[in-house]
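Student: Just so you know, the working numbering puts the end of the sequence shown at 256, numbered straight through with nothing missing. Just so it is clear, CB atoms sit at the ideal spot from N, CA and C, and this is done for glycine as well.
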Amino acid sequence: MTRLRVAALISGRGSNMAALVAAAANPDYPAEIALVLANVPGAGGLAVAAENGVATETLDHRSFADRAAFDVALDARLRDHQIEFVCLAGFMRLLTAGFVEKWRNRLLNIHPSLLPAYPGLDTHKRALADGVRVAGCTVHFVRAKMDVGPIVAQAAVPVLQGDDEDALAARVLKAEHVLYPQALRLVASGAATVDGEQVKFAKAPATPAILFNPPL
Ligand code: GRF
Numbered sequence: 041m042t043r044l045r046v047a048a049l050i051s052g053r054g055s056n057m058a059a060l061v062a063a064a065a066n067p068d069y070p071a072e073i074a075l076v077l078a079n080v081p082g083a084g085g086l087a088v089a090a091e092n093g094v095a096t097e098t099l100d101h102r103s104f105a106d107r108a109a110f111d112v113a114l115d116a117r118l119r120d121h122q123i124e125f126v127c128l129a130g131f132m133r134l135l136t137a138g139f140v141e142k143w144r145n146r147l148l149n150i151h152p153s154l155l156p157a158y159p160g161l162d163t164h165k166r167a168l169a170d171g172v173r174v175a176g177c178t179v180h181f182v183r184a185k186m187d188v189g190p191i192v193a194q195a196a197v198p199v200l201q202g203d204d205e206d207a208l209a210a211r212v213l214k215a216e217h218v219l220y221p222q223a224l225r226l227v228a229s230g231a232a233t234v235d236g237e238q239v240k241f242a243k244a245p246a247t248p249a250i251l252f253n254p255p256l
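(1) Taking only runs that begin and end inside the segment 150 to 225, name each unbroken alpha helix (DSSP H) of 4 or more residues, in chain order.
(2) Rounded to whole angstroms, how far is the Cβ of V179 from the Cβ of A193, which I believe are closer than 8 Å?
(3) If you reduce the DSSP assignment to three classes, tell me which class F241 lands in.
(4) Tell me whether the segment 211 to 230 and the segment 173 to 188 touch, counting them as touching only if at least three CB pairs, one residue from each stretch, are closer than 8 Å.
(5) Any heavy atom of the ligand GRF closer than 7 Å to the CB of I150?
(6) Taking one C-beta from the segment 102 to 112 and one from the segment 123 to 130 each time, how about it: are there three or more such pairs within less than 8 Å?
(7) Tell me, which residues are paired with D235 by DSSP?
(8) Could you give the C-beta distance for R225 and P67, rounded to a whole number, given that I count them as a contact under 8 Å?
(9) Go through its chain and collect everything with a Cβ distance to A137's Cβ below 7 Å, but skip five positions before and after it.
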């Protein structure tokens, strides 16, 4: 089996990247994490990647004149490493439309909300302020507009009475670490493909249980 050569792009601790690296440690997983690239020097996830034997690169966005120049350099690094597919994993930087177009349908993102609800920052704070009973996370293909694009997979978690931002973020993050490897598996194996602006599955997945909150 040839495995898809994937780069994970990070800006911080990289726990989602680490979940992808852990999944890809299984030789049956259809992707390998061939590169971890950070736009922030010393990003915590770089050490985690190196400890796991994954090649790392740092591209400090502050040393580029503008977004377009950064994205050209980013594209060049990805090509240097023969990268075929990119996973944004806590990459806190907007990509130019040019870059997104070049990597169209070869670029995934994970976002800590049930999109299209709560795109952007402070998702948990806004969900708590709205009093929603269910929160979650989304893995989607990237389009030029932030947190928009064909949705591969979502996971829902309950919002519990007394939750603060940290408690909710921790519950969602736990789901993210399961969801992202599963979504990349579906895409890398060809089981999930983009058709128009929607993701289609080769075989209908089993119907999961309904999450009721409060429970029945
Ligand atoms: C995650 O919540 C992810 O959904 C969001 O940024 C956070 C990154 O966390 N895009 P980590 O760096 O993967 O630990």
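Tutor: Answer, in terms of the structure:
(1) Fully enclosed alpha helix (DSSP H) runs of 4 or longer: 163 to 170.
(2) Confirmed, Cβ separation roughly 5 Å.
(3) Shown here, F241 sits in a strand according to DSSP, grouped into three states.
(4) The segment 211 to 230 vs the segment 173 to 188: in contact.
(5) For the ligand GRF, at least one heavy atom lies less than 7 Å from the Cβ of I150.
(6) Output reads no: the segment 123 to 130 does not touch the segment 102 to 112.
(7) Answer by DSSP bridge pairing, in chain order: Q238.
(8) That pair is no contact at about 13 Å.
(9) Around A137: A184.
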